[in-house]
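Residue numbers (the working numbering): 2 to 108.
Every residue, glycine too, gets a C-beta built ideally from N, C-alpha and C.
Working notes, structure below.
This is the structure we're talking about:
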């Protein structure tokens, strides 16, 4: 996947379209990402005792995973959502490159 944990992305479709936020988690097996503040869901939690601790009951909010096709990476140089390609450098390491401004995204 071309999006990694800690990247800044913009949501391009859905209820949270236009939101720019950080990627909290990448689920590569399902091709999904968890974006901070996007796709917020509510869950009614029952009181549970596990390992000697008690989880408090009530309504909790959490960010549900989004499909990776619904987000675009923000290029640090041009500051716009951009498509990303992967190129090899002189040592053979893979680097992510912005297709708009042709700058290397990985530092």
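inquiry  = residue 74 and residue 13 - do their beta-carbons sit closer together than 8 Å?
reply    = no
request  = Take residue 2 as the anchor and find which of 15, 56, 69 and 59 has the nearest alpha-carbon.
outcome  = 69
inquiry  = Please tell me whether residue 106 and residue 77 are closer than 8 Å, where the distance is taken between their beta carbons.
reply    = yes
request  = Can you give me the Cβ contacts of residue 18 inside the same chain, cut-off strictly under 8 Å, excluding the 5 residues immediately before and after it?
outcome  = Scanning its chain for C-beta atoms nearer than 8 Å, with the 5 sequence neighbours on each side dropped, one finds around residue 18 the residues 12, in chain order.
ask   = Which of helix, strand or coil does DSSP assign to residue 33?
value = strand
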